[in-house]
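Notes follow the structure.
Number of protein chains: 2
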Amino acid sequence: MKQLFLMAAAFAAMTATAQVTEDFKPASTNQEGKQYPMVNSQRMVRAQLKAPEATSVKLDIGGVKYDMKKDAEGVWTGESAPQDEGFHYYQLEVDGASVPDPGSKYYYGASRWGSGIDIPAADEDFYTVKNVPQGSINEIYYYSTVTQSMRHGYVYLPAEYYSNPTKKFPVLYLQHGMGENETGWSAQGKTGIIMDNLIAAGKAVPFIIYMDNGLNARRPGEQPMGFGGPRPQGPRPQGAPGQRPQGPRPQGAPGQRGPRPGMGGAGFAQMARRMGGAFEEVLIKDIIPMVEKNYRVIADTEHRAMAGLSMGGMQTHGITLNNPTTFSYVGIFSGGTISPDELTDAKDFKATNKVLFMSCGGKENMGVDEAAKALKEIGINAHSYVSPETAHEWQTWRRSLYQFAQLLFK
Amino acid sequence: MKQLFLMAAAFAAMTATAQVTEDFKPASTNQEGKQYPMVNSQRMVRAQLKAPEATSVKLDIGGVKYDMKKDAEGVWTGESAPQDEGFHYYQLEVDGASVPDPGSKYYYGASRWGSGIDIPAADEDFYTVKNVPQGSINEIYYYSTVTQSMRHGYVYLPAEYYSNPTKKFPVLYLQHGMGENETGWSAQGKTGIIMDNLIAAGKAVPFIIYMDNGLNARRPGEQPMGFGGPRPQGPRPQGAPGQRPQGPRPQGAPGQRGPRPGMGGAGFAQMARRMGGAFEEVLIKDIIPMVEKNYRVIADTEHRAMAGLSMGGMQTHGITLNNPTTFSYVGIFSGGTISPDELTDAKDFKATNKVLFMSCGGKENMGVDEAAKALKEIGINAHSYVSPETAHEWQTWRRSLYQFAQLLFK
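Chains A and B, in that order, give the protein sequences. Taking the working numbering, I'd label the letters of the first sequence as residues 989 to 1398. Taking the working numbering, I'd label the letters of the second sequence as residues 989 to 1398.
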């Protein structure tokens, strides 16, 4: 099966190479002044790297490694097959070393800081910076009583937070996915830009957004969290030379993994309830009180929302059900679904919830429409959204935030 | 001369290798969970990269390329000679390709996003995150009437900006150096951390800091600025494949360049006066009004300061003399000096100025002590600071900010 996929991908790459349209332009995600990588109207990525003594350079994007070719000056150039609209993580492979492309800006995902590229999208207007009233993305540190350490987060404050100095605002707590961190929503997610544009257009009410790291919260002495909760305690293998190779994982298909299609059974629900881990405690005991103390916040359940993507959506699922009177609005982006069965005895959750939003990409089947329909039948104000022609990637989540934000605090 | 230097460096590297102390620890600037690069108590950097098919991998730091060695698993490891305390840009070279180290976080400097490493310093306490009242570093966009485009900047707001919602604050406009951008002061400069610690210790009064990009401001149709001002207009060479190799410039000595030692003559003064370029107009016409409109600012000359490092110091020199009644406090970090000759006819500047601060690293001789002495003799409240054992690099500028901030708005 995997071999078949690789063969198909190779064939697609060959076919695409034969039909390359020469209208490549530098990507919007490039470093200032850098010409490469480029994207053409077919949404193919062309990368370039000077590596005079290398014998092999590859462009590693979307789970496929594309051979690049060297010219007489030692400059390697090569193209990928067409990519989906929106943001993708990628890297270059130079003689077996997986490294960031020196031409791109860097983003945290796939458990590393590395290259990312934005493929122009028909609907990119909603996440394009415009001359509208501007909020800000604020980098902060705060002390956590749970981890007993200083932690790092980001706060979106809408323009009106500054212009209307006595007004108080609702808050959305918004979480990233597996292998990502607290920078994801503001950088590749374009949260601040999406919100400023929505608020300026009158489509969303102004609210604060708080973004934290949902993976690195550890109680003192606790080991790093795996996908299903804290790992067994004990010493980790020591990082001796030669034992821990650096760089992104060789299976370079970031963004392609996530909850399985149609997940929503009892086992999934149980897993979701445990997904919060120490982060759940940090959120409830440290983050929410900190946000409500430091900012002008309407500090009640009706003005508190939580959402997340993929793992962050599963955390949202678990944390909002575990704390049923804390949040009135719940958003699960590519993070599976909540089933009516789960809510049978969840009286407090049902009484508190004002909107339950579930979304996914059109290329991943998570059954969000069906789930919303079933939840509506038991009286939940459920909404669903399927992002056209996108997979388990950031374009799905940018669009999900755009949709979800319009439902909040109204 | 250059050959002699390279020979000396190579000899130093050989000597150092013979005496390596095996107490290497992961650098504080590493990506989460990454073991390499490491630093030992001799301040040597040990890098590591998996590159099974490569024939040459080098660690490129401080202007010297150090050969790394491959083990049986295809993992390359190697050390640099001892480095100065503080922050340095660096990169790896894989078969002739200059690429970021996948183990480090990335910083903008030397005209590229790339690897950086912090060497532990005896005085690092002043830029270490502590559990004290926390301000924030706010990422913003604003519209510039001069460039007719949206621009990008950062605002430091002290903790009291949030906790004391009617108080107004003074503002320092703080600029980066050549090849850097608006992210430099908050990321590698650690501005927010330094200020929070200073304010908590009662050593500085709370003030706002605004940080912009002093290099990319262009009037419509204008070409990118060079070191001495706008370049002649006309089409730039097109970026055809093979013509514009990507990656940091091969002479990898970022941070080593800057104004020449002891610069302060009439020619230097004239150059400094032209350094602002379109940025000067953006600062005066767009940024200062934007900051004073959007934030609670004491909007008068006595509560307005400007400072910068290297090129940003030269811009500060020029802009504060060109706009003599706009700023009361002036800081020039590794950006040369102001001479008494320049102030002979500068009545407004002399009447307005409350502090004129000049600093540099101990390993660069910019004559700041002598310049301050001469300025004091003509009645200027001049201060100088020489950062012990540092060159034209960020440790000098972190310390300069720490010193300068204590003199402001008192």
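No residue lacks a Cβ here, since even glycine has one placed at the ideal position from N, Cα and C.
- For secondary structure counted as the alpha helix (DSSP H) over 4 or more consecutive residues, the stretch 1251-1309 of chain B holds these complete runs in sequence order: 1254-1262, 1265-1270, 1276-1282.
- Counting only the Cα atoms, T1304 of chain A lies some 18 Å from R1206 of chain A.
- Collapsing the DSSP output to three states places N1169 of chain A in coil.
- H1380 of chain B is a Cβ neighbour of E1352 of chain B, given a cutoff of 8 Å.
- Residues of the same chain with a CB within less than 6 Å of the CB of I1320 of chain B, apart from the 5 flanking positions on each side, are G1301, T1304, H1305, M1346 in chain order.
- Near chain A, meaning a CB-to-CB distance below 7 Å, the residues of the stretch 1007-1040 of chain B are Q1019, E1020, K1022, Q1023, Y1024, Q1036, L1037, K1038, A1039, P1040.
- For Y1077 of chain B against A1098 of chain B, the beta-carbon gap comes to about 5 Å, under 8 Å, which counts as contact.
- Secondary structure remark: continuous alpha helix (DSSP H) runs of at least 4 residues inside the stretch 1065-1111 of chain B: none found.
- Neighbours of N1204 of chain A across chain B, judged by C-beta separation under 7 Å: E1020.
- Within the stretch 1353-1397 of chain B, the runs of alpha helix (DSSP H) at least 4 residues long that lie entirely inside it are, in chain order, 1356-1365, 1382-1393.
- Rounded to whole angstroms, the gap between the alpha carbons of N1204 of chain A and F1195 of chain A is 26 Å.
- CA-CA distance, S1124 of chain B to M1183 of chain A, rounds to 20 Å.
- Fewer than three Cβ pairs drawn from the stretch 1307-1318 of chain A and the stretch 1170-1190 of chain A lie within less than 8 Å of each other, which leaves the two stretches out of contact.
- Comparing C-alpha distances from K1281 of chain B to each of B:V1159, B:G1350, B:E1210 shows the shortest one belongs to B:V1159.
- At a cut-off of 8 Å between beta-carbon atoms, S1044 of chain A makes contact with chain B.
- Three or more beta-carbon pairs separated by less than 8 Å link the stretch 1031-1051 of chain A to the stretch 1062-1079 of chain A, which places the two stretches in contact.
- The stretch 1086-1097 of chain B makes contact with the stretch 1082-1096 of chain A; the number of CB pairs closer than 8 Å reaches 3 or more.
- Closer than 9 Å at the C-beta level to chain A, one finds these residues of the stretch 1117-1136 of chain B: V1117, K1118, N1119, Q1122, G1123, S1124, I1125, N1126, E1127, I1128, Y1129, Y1130, Y1131.
- The alpha-carbon separation between I1128 of chain B and G1141 of chain B amounts to approximately 5 Å.
- Under the Cβ criterion of 8 Å, W1385 of chain B is not counted among the residues facing chain A.
- In the DSSP secondary-structure assignment, H1140 of chain B is bridged to B:Y1129.
- By the rule that beta-carbons nearer than 8 Å mark a contact, K1364 of chain B does not touch chain A.
- In this structure, the CA atom of T1332 of chain A is about 53 Å from the CA atom of G1102 of chain B.
- Comparing alpha carbon positions, the residue from A:T1154, A:Q1258, A:D1274 closest to Y1198 of chain A is A:D1274.
- Collapsing the DSSP output to three states places N1311 of chain A in coil.
- Nearest CB-CB separation between M1056 of chain A and chain B: not below the 8 Å threshold.
- Annotation for K1335 of chain A: no beta strand (DSSP E) segment contains it, though the alpha helix (DSSP H) segment containing it runs 1335-1340.
- Per the C-alpha coordinates, the member of B:A1334, B:Q1019, B:Q1023 positioned closest to K1013 of chain B is B:Q1023.
- Between the alpha carbons of F1267 of chain B and S1388 of chain B lies a gap of roughly 23 Å.
- Chain-ordered, the chain B residues with CB closer than 8 Å to the CB of P1088 of chain A read V1087, P1088, P1090, Y1094.
- A straight-line Cα-Cα distance of about 10 Å links R1284 of chain A and S1151 of chain B.
- No Cβ-Cβ contact shorter than 8 Å links M1026 of chain A with V1008 of chain A.
- Neighbours of V1082 of chain B in chain A, taken as residues whose beta carbon is under 8 Å from its own, are A1039, A1042, V1082, D1083, A1085, V1087 in chain order.
- In the DSSP secondary-structure assignment, A1035 of chain B is bridged to B:G1066.
- Residues of the stretch 1148-1168 of chain A that bring their beta carbon within less than 9 Å of a beta carbon in chain B comprise Y1150, S1151, P1153, T1154, in sequence order.
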